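Engineer:
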Amino acid sequence: MKSIPYYLQTALKNLWIEKWINLLTVLSISIGMLILCTFSVITLNLDSVLKQWSKGFGMVVYINEQASKEDEENLKALFMADKDFLEIKYISKEEALTGVRKALGDDAIIIDEIKENPLPSSFELKLQSKLLVPEYVKSKAAKMKQMAGVAEVQYGEQWLSSLNKISETMQKGAIVLGLAIFIAVTFITYSTIKIFFHRRKEEVETLKLLGATKMFIKFPYLLEGLFIGTLGGIISAATIYSAYSFVTLRIGEFLPSLNFSIAVLPVQAYIIIPFAGAFMSLIGSYIAIGRIKY
Amino acid sequence: MKSIPYYLQTALKNLWIEKWINLLTVLSISIGMLILCTFSVITLNLDSVLKQWSKGFGMVVYINEQASKEDEENLKALFMADKDFLEIKYISKEEALTGVRKALGDDAIIIDEIKENPLPSSFELKLQSKLLVPEYVKSKAAKMKQMAGVAEVQYGEQWLSSLNKISETMQKGAIVLGLAIFIAVTFITYSTIKIFFHRRKEEVETLKLLGATKMFIKFPYLLEGLFIGTLGGIISAATIYSAYSFVTLRIGEFLPSLNFSIAVLPVQAYIIIPFAGAFMSLIGSYIAIGRIKY
Amino acid sequence: MIRFSNVSKSYDKEPILKNLTMSVERGELAFITGPSGAGKSTLLKLIYCSERPDEGQITVADQVASKMKQRLIPRYRRQIGVVFQDFKLLNNKTVYDNIALALRIHQMNSKAIRSQVINVLKEVNMTHKAKEYPPCLSGGEQQRVVVARAMVTKPMILLADEPTGNLDPENEKSIMHLFRQINTMGTTVLIATHNESLYSGSGRRVLIIKDKYIDKEIMG
Amino acid sequence: MIRFSNVSKSYDKEPILKNLTMSVERGELAFITGPSGAGKSTLLKLIYCSERPDEGQITVADQVASKMKQRLIPRYRRQIGVVFQDFKLLNNKTVYDNIALALRIHQMNSKAIRSQVINVLKEVNMTHKAKEYPPCLSGGEQQRVVVARAMVTKPMILLADEPTGNLDPENEKSIMHLFRQINTMGTTVLIATHNESLYSGSGRRVLIIKDKYIDKEIMG
Ligand SMILES: Nc1ncnc2c1ncn2[C@@H]1O[C@H](COP(=O)(O)OP(=O)(O)OP(=O)(O)O)[C@@H](O)[C@H]1O
Ligand SMILES: Nc1ncnc2c1ncn2[C@@H]1O[C@H](COP(=O)(O)OP(=O)(O)OP(=O)(O)O)[C@@H](O)[C@H]1O
Ligand SMILES: [Mg+2]
Ligand SMILES: [Mg+2]
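Here the protein sequences come in this chain order: H, W, V and P. Just so we're aligned: the first sequence equals residues 471 to 764 in this note's numbering. Just so we're aligned: the second sequence equals residues 471 to 764 in this note's numbering. Just so we're aligned: the third sequence equals residues 3 to 222 in this note's numbering. Just so we're aligned: the fourth sequence equals residues 3 to 222 in this note's numbering.
(1) Looking at C51 of chain V and ligand 1, is the gap between the Cβ and the nearest heavy atom below 8 Å?
(2) So, A194 of chain V versus Q87 of chain V, is the Cβ gap smaller than 9 Å?
(3) Buried or exposed, going by whether 16 or more other CB atoms sit within 10 Å of the CB of P744 of chain H?
(4) Hey, how far is the Cα of K131 of chain P from the Cα of N121 of chain P?
(5) Kindly list, in the order they appear in chain W, the residues whose Cβ is closer than 8 Å to that of V570 of chain H.
(6) Excluding the 5 residues flanking A707 of chain H on each side, which residues of the same chain have their C-beta closer than 7 Å to its C-beta?
(7) Let me know the beta strand (DSSP E) ranges lying completely inside the segment 591-615 of chain H, each 3 residues or longer, listed in chain order.
(8) Start and end of the beta strand (DSSP E) containing L19 of chain V?
(9) Which of the residues in the segment 46-78 of chain P, read from start to end, lie with their CB under 8 Å from any CB of chain W?
(10) Could you list which residues in chain H have their beta carbon closer than 9 Å to that of N111 of chain V, in chain order?
(11) Any heavy atom of ligand 5 closer than 8 Å to the beta-carbon of N168 of chain V?
(12) What are the start and end residues of the beta strand (DSSP E) that includes I1 of chain P?
(13) Residues around ligand 1, please: the condition is that the C-beta lies closer than 5 Å to some non-hydrogen atom of it.
(14) Under 9 Å, Cβ to Cβ, is there at least one residue of chain H near R80 of chain V?
(15) Give the DSSP-derived three-state secondary structure of V66 of chain V in the structure shown.
(16) Could you tell me whether any non-hydrogen atom of ligand 2 is closer than 8 Å to the CB of E672 of chain W?
(17) Alpha carbon to alpha carbon, what distance is there between G575 of chain H and F730 of chain H?
(18) Below 7 Å between beta carbons is the criterion; list the residues of the segment 133-167 of chain P that meet it against any residue of chain W, in chain order.
(19) Given a threshold of 16 other Cβ atoms within 10 Å of its Cβ, counted over all protein chains shown, does M178 of chain V qualify as buried or as exposed?
(20) Anything in the segment 678-694 of chain H with a Cβ closer than 7 Å to a Cβ of chain V? List those residues in chain order, please.
(21) Can you find a heavy atom of ligand 3 that lies under 8 Å from the Cβ of E2 of chain V?
(22) Since I107 of chain V meets chain H, which of its residues come closer than 7 Å, beta carbon to beta carbon?
(23) Report back the beta-carbon spacing between G39 of chain V and I211 of chain V to the nearest angstrom; my notes put them in contact at under 8 Å.
(24) Do L74 of chain V and Y215 of chain V have their CB atoms nearer than 9 Å?
(25) Can you tell me which of the three DSSP states D99 of chain V falls into?
(26) Just how far apart, CA to CA, sit R571 of chain W and Y532 of chain W?
(27) So with Cβ pairs under 9 Å, would you call K42 of chain V a contact of chain H?
(28) Starting from I4 of chain P, trace the alpha helix (DSSP H) both ways and give me its first and last residue.
(29) Report the rounded CA-to-CA distance for L653 of chain H versus L752 of chain H, giving the unit in angstroms.
(30) Once you ignore the five residues that flank T96 of chain P on each side, which residues in its own chain have a CB closer than 8 Å to its CB?
(31) Check whether the Cβ of N484 of chain H lies closer than 9 Å to any Cβ atom in chain W.
(32) Could you list which residues in chain V have their beta carbon closer than 7 Å to that of Y201 of chain P, in chain order?
(33) I'd like to check one pair, D163 of chain V with S43 of chain V: are the Cβ atoms closer than 9 Å?
(34) Per DSSP, which one or two residues make a beta bridge with Y532 of chain H?
(35) So for E219 of chain V, helix, strand or coil by DSSP?
(36) Step through the CB atoms of chain V and report whether any lies within less than 9 Å of the CB of I743 of chain H.
Encoded structure:
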């Protein structure tokens, strides 16, 4: 306990004496963490892109030509009561025709040629995104087809299953890549610190000969590692914040039409990053010092 | 000249004596290069995705209702002679209707209701992708509208300009990110080597006192750096090759529908990577040794 | 205090000490001498557990040094002050901090450290260099710092390996005077040297290593 | 051969040498002595251009050492063999390679190197340790390797800084014998030491540094 001021002092002094090497180490670590964080942001965004996509997924329930206004009202009430659906939209025969007209663009002239509107009225239903599992949607559609007044239920079967595959692949890819990058970063940290401590071999040797305990020898180095890691974390957090602000600004400016929604890094992340840096290099330092043998 | 065997021997011996540290260095460098290469592959692929997109870009020339068969033949000949166009496709009135029917899907029932086909015949023209500049396309369209038999010329004006913006942003982003990563990697290499040479300070000091020339002192270190960098490059090239084979296989397996075309890394790349590694760490070593002052 | 019985030590199968038996009594000041490479430093290393004997037993202050457990070594070493032949000063610490370090390892508080270090610096005549770093010191100055570091903890045993190799006759005398002083205060002192002038006329026991063991013992 | 005229040198404004004038003639073997910290090592460092004087001129073998250009220093140093007080051996090279290194720097070919190194190892009595690394050597053994490295290149000038501080009387005598031998073959030898037994009775000039300059000169 008496030695804590000494540990702190030694750590700070060593940091200062080898300031350039330490700066290199700090920067290496922050670059490593930067890569890790950039990857996290990209993964977060991929997820939100996927969410956006699946928001667009809807089922269309076509109403029988023979169905009465009452049947339609009944169906609407049923759908409203069903918690699986996020949104329910009724599309009348006329609205359907307008939709087609819009979709055809210049070719819409052909609509002027028709005698009678052959399109049925319909409901567009949006499922909760967590329910977008091919099997579930299929059984739901089959059930709805049995309802009175329903002529047909449509949903993007093929699209749904490939969406599912994409999201699965992305998740798997993210885990594999994330793990790889994490290992790489920890490794860089470790190797930088290892090389760093290798230089202190003589010092450790002398301390051992003077009768210093393991704790006495290790503590200043651990403090040093802690400091370096924290600083590295702070630098990468700051860099990420600026880069993030810059990118958000730029995308808003260049591509307002895209309305790209970049997932916001939660404020906590900026606190977690330095702690993660500290943690990683504490572990790194600990391993790097290695076992002290008398 | 007499000293070359000595330089080689010294370099190899040093490599062996500090084999663990050297291994760490090699791995750090190869991780750095891996990041650089992964980035390059991603950029290459972004580019090919953009190319795919722009391949879909076409101009549509609608033919006047009053135009004769001869006018159409004339136009075709004119377009064929124009080197700006990659592809020329004639679409008759009937083909146009079939197209609309396909596009409408279930709503195609409305086509059964029309009396007469109101759609004009047209030419679909594909411009060379390098000519996809909004101004050029605009003036081209205006010129074509003057031609005999042409009713209207259409092209995705808005889409074209946002495609342009996307590609510009991507290029800028790629340059900025690429530069950042390149600096990061060079920096990691440099810092690893710097820390590495810092340990040899005493050795350099002694050599100086014994009257060794600068070249005599530097050469073994440069050789060492060269070897480490080359090895790092080889390792990353090998890793990239395996990762690449793996990913291509997986994507083909999971998402055959996407038919995602990953740009193939040219075979030369696998030769260039080790050379790049060698080059980078040679530069790194050179800077790391620094100026020798007597 | 220090007792070797039939101790053998070899490096890479090359025997250095063989069946060495000797003892230094509590409160004694004794010398070890012998030609270069005879094993004087090795003998001292065996005492402070930096090397282990291949055979035989070494007891130091009623502790069996030859079989000391890893975790007991730090405490054991804190009873022994060593003047290393190759100094082992930390180049990134000042003279003051190098000496203070030994006391910090003894968990002494900063105030006490200060006065002790100042005292010992005066004794070895190095007060004026307290703030210098070892690479800026002359050979003899470095050696005096090492002597100061070994003495400052008031150890039970003081081992000095060629403590005056870099010193002029005057400084040599004053260091020897210090050793005698610390000895009269109760510390057992063992000095390895080939400098005859250190022990001749001292009236102390001189152990001579020859042919890998203590061949004979003379009175200096 | 070596000529100092009014040379002054200070470290951080602390004067070490002041207005020092002295000379050592071609083919001479001379001693420098003085108490610890007097500036003996500094004087030798000025000769081999490891330090520059603040004032005054130093000429060595008709070259102005005090104003030597950076790019000429390597060649200049190759004319001088130095026995460093702190050895400066490379720990990651064997004894053989440490000595061979000096010859490699002289661009000698491997065959010639081999015979030269073997010869000099015999002279300092270290043949049996040729394949050891310096940390595995005793203090005196390391010192003999340094002497060997300084001599092996047959330099025009040999500077020895406390070359026998770790040596027993027997080895001391044999090293001094070597110095005399190399001196008779034409090398100018300058030895810094506080070991009176080295120079007393040698019949050579002994320069004594006191109060920052060569106070007097005696015959050893
Ligand atoms: N770690 C080691 N590995 C191998 N051999 C060693 C090692 N340490 C010492 N030796 C050898 O052991 C012998 C005795 O060494 P030691 O240092 O004890 O001698 P010394 O009596 O102290 O000599 P000096 O007076 O020259 O210091 C020497 O020949 C030395 O080369
Ligand atoms: N690089 C340096 N920076 C500051 N002071 C130095 C430096 N080198 C030497 N000194 C100081 O200069 C003085 C002379 O040192 P020098 O090494 O020349 O002494 P010396 O005569 O060789 O002594 P010794 O016999 O102890 O080796 C000493 O007081 C030393 O502290
Ligand atoms: Mg010894
Ligand atoms: Mg000196």
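For every residue, glycine included, the Cβ atom is placed at its ideal position computed from N, Cα and C. Being a predicted model, the structure only gives us computed values, none of them experimental.
Structural biologist: Working from what's here:
(1) no
(2) yes
(3) buried
(4) 14 Å
(5) L574, D577, I580
(6) Y740, I743, P744
(7) 592-597
(8) 16-26
(9) Y50, C51, S52, Q72, I75, P76, R77, Y78
(10) K472
(11) The ligand content of the structure shown is limited to ligand 1, ligand 2, ligand 3 and ligand 4, which means ligand 5 is not among them.
(12) No answer is possible for residue 1 of chain P: it lies beyond the span of chain P, which begins at 3 and ends at 222.
(13) V:Y13, V:I18, V:S38, V:G39, V:A40, V:G41, V:K42, V:S43, V:T44, P:C138, P:L139, P:S140, P:G141, P:G142
(14) yes
(15) strand
(16) no
(17) Only weak support is given to the placement of F730 of chain H: the predicted model assigns it a pLDDT of 47, under 50, and the value that follows is read from those uncertain coordinates. The straight-line gap from Cα to Cα measures roughly 26 Å.
(18) none
(19) buried
(20) L679, L680, G681, A682, T683, F686
(21) Chain V is shown only over 3 to 222; residue 2 of chain V falls outside these bounds and no answer can be derived.
(22) L680, G681, A682, F686
(23) Contact doesn't hold; Cβ gap of about 10 Å is too wide.
(24) no
(25) helix
(26) 19 Å
(27) no
(28) I4 of chain P -> not in any alpha helix (DSSP H); beta strand (DSSP E) instead, spanning 4-13.
(29) Reading off the sequence, residue 653 of chain H comes out as Ile, not Leu. Cα-Cα distance, rounded: 15 Å.
(30) A132, K133, E134, Y135
(31) no
(32) Simply none; closest approach about 13 Å.
(33) yes
(34) H:S592, H:E622
(35) strand
(36) no
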